[in-house]
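In what follows, a single structure is set out as structure tokens and then discussed.
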Amino acid sequence: MDARTTIPYGRQSISEEDIQAVVEVLRSDWLTQGPVVPAFEQAVASQCKAQYAIAMNSATSALHVACLALELGPGDLLWTSPVTFVASANCARYCGADVDFVDIDPTTANLSVDKLAKKLHQARRTGRLPKIVVPVHFGGLPCDMAAIHALSKEFGFRIIEDASHAIGASYQSERVGNGRYSDITIFSFHPVKIITSAEGGMALTNNAQLANRMQRLRSHGITRDPALMTHVPDGPWYYQQIELGFNYRMTELQAALGLSQLSRLSTFVLRRRELAQRYDTLLSGLPLTLPGRSAEADSAWHLYVIRLDPKTCQINHSQVFARLLDARVGVNLHYIPVHLQPYYRELGFKAGDFPQAETYYSQAISLPLYPDLKDTEQDYIAHCMAEAVQ
Ligand SMILES: *Cc1c(COP(=O)(O)O)cnc(C)c1O
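The C-terminal residue of the sequence shown carries number 383 in the working numbering, and the numbering is unbroken.
Right under this line is the structure:
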């Protein structure tokens, strides 16, 4: 292996077919608002067995529009996991709503369903129940959606699955995105995620009203449907802006890349799973806790996160991290607990609020994982890890 280049923690896998697909769009009549975005939407919806899919320029935009479609506004509350990318929480702030967090289950790093139930009972007593809960399928491993869904019926909240890591994952033998246990599911197509459109995201739902609303909000709040207008159209050119929306549209180039990538989704996930199993074997016996599994779910393996075992590991977290970076192993840390970000501290959160998330943060390291990672590179990473913890 080339000692001069750092192995990244994640990266896209681009084929000649992907390049051809994008070039074809460049030679076509439509760079945006053409036929490829709907084709990509339909392909994702049909693979995931969802009724509707709405492509956007990012998962962040999709989360925002999903919250608006579910009528989240000032005075409302959204709960999510503290171990996630900031976007899972920021979507509530865009709507003027408040955020709170539910601490994680340390074996999966997913939001703990027990803690969710306890917090809901408490919130009912204080009259501050959430309007929306956003479970994040951390690292690609689906949360216990049946249990979260049952709680949503008992406590009257809506569910947006942040499945940014989890396209291609399954839960109870069904594909994530089918919406059996949620109102809306969000995918991200950022280059480090499972499939990419460069920037891009998608919202899936089985609810026609939510789908229409999200479609409208991604494009300025404009409609061409006469049934929704205040008066009959002035002519064939006519449209009406009936609410305040955004330009969150995905381009045809992005959709062409995404659609081409989608045909390799199962290959990508299989390779990621194979690499995860290889890591399990290569790292066994080291003073580390390896990623947790779930009996009910198959992860898409966006991330392979190990935790240092403070009881048996003599070297501290920052030292291990530094040693791996020195060896040009591009490790990373997913995530800095969101409530500890200055923006959220400013809103009143503080260290100690979510102890499992904070302990996790002091131990976690994401190892390189992506379909094009070679076995020999992975052997080298495992070797460096063994050296680093000694
Ligand atoms: C990447 C990511 C997002 C945001 O995705 P973008 O497409 O970059 O906006 C949101 N939530 C989680 C959990 C993510 O990992």
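Where a beta carbon is used, it is the ideal one built from N, C-alpha and C, also for glycine.
Bear in mind that the values here come from a model prediction, so they are computed numbers and not experimental data.
For Thr119, does the count of other Cβ atoms within 10 angstroms reach 16, so buried, or fall short, so exposed?
exposed
Given this structure, state the Cα-to-Cα distance separating Lys367 from Gly323, to the nearest angstrom.
14 Å
In whole angstroms, what is the alpha-carbon distance linking Tyr2 and Glu289?
27 Å
Should Glu192 be listed as close to ligand 1, given that the test is whether its C-beta is under 8 Å from any heavy atom?
yes
May I ask you to check if the CB of Ala90 is nearer than 8 Å to at least one heavy atom of ligand 1?
no
What whole-angstrom Cβ distance do Leu71 and Ala85 have, given they're in contact under 8 Å?
4 Å
I want to check one thing, is the minimum distance from the CB of Val129 to the heavy atoms of ligand 1 below 8 Å?
yes
Is the separation between the beta-carbon of Gly285 and that of Thr77 shorter than 9 Å?
Not in contact: Gly285 and Thr77 (Cβ atoms no closer than 9 Å).
Terminal residues of the alpha helix (DSSP H) in which Ser39 lies:
29 to 41
Segment contact, 8 Å Cβ cut-off, at least three pairs: the segment 8 to 22 with the segment 242 to 254:
yes
What did DSSP end up calling Thr126 once you bin it into helix, strand or coil?
Here the sequence assigns Val to residue 126, which means Thr is not the residue at that position. Correct three-state label for Val126: strand.
Other residues of its chain near Val169: CB distance less than 6 Å, five sequence neighbours each side excluded
Correct list, in chain order: Pro135, Ala156, Ala159, Ala162.
Tell whether a beta-carbon distance below 9 Å holds between Ala116 and Phe94.
no
Across which residues does DSSP place Gly194 in a beta bridge pair?
In the DSSP assignment, the residues bridged to Gly194 are Met49, Ser181.
Does DSSP classify Arg286 as helix, strand or coil?
coil
I'd like the span of the beta strand (DSSP E) that includes Tyr297, first residue to last.
297 to 301
Distance, Cα to Cα, Pro31 vs Ser311?
46 Å
Beta bridge counterpart(s) of Asn325 as assigned by DSSP
Ser359
Would you report the Cα separation of Pro123 and Cys88, rounded to the nearest angstrom?
The alpha-carbon of Pro123 is positioned some 14 Å away from that of Cys88.
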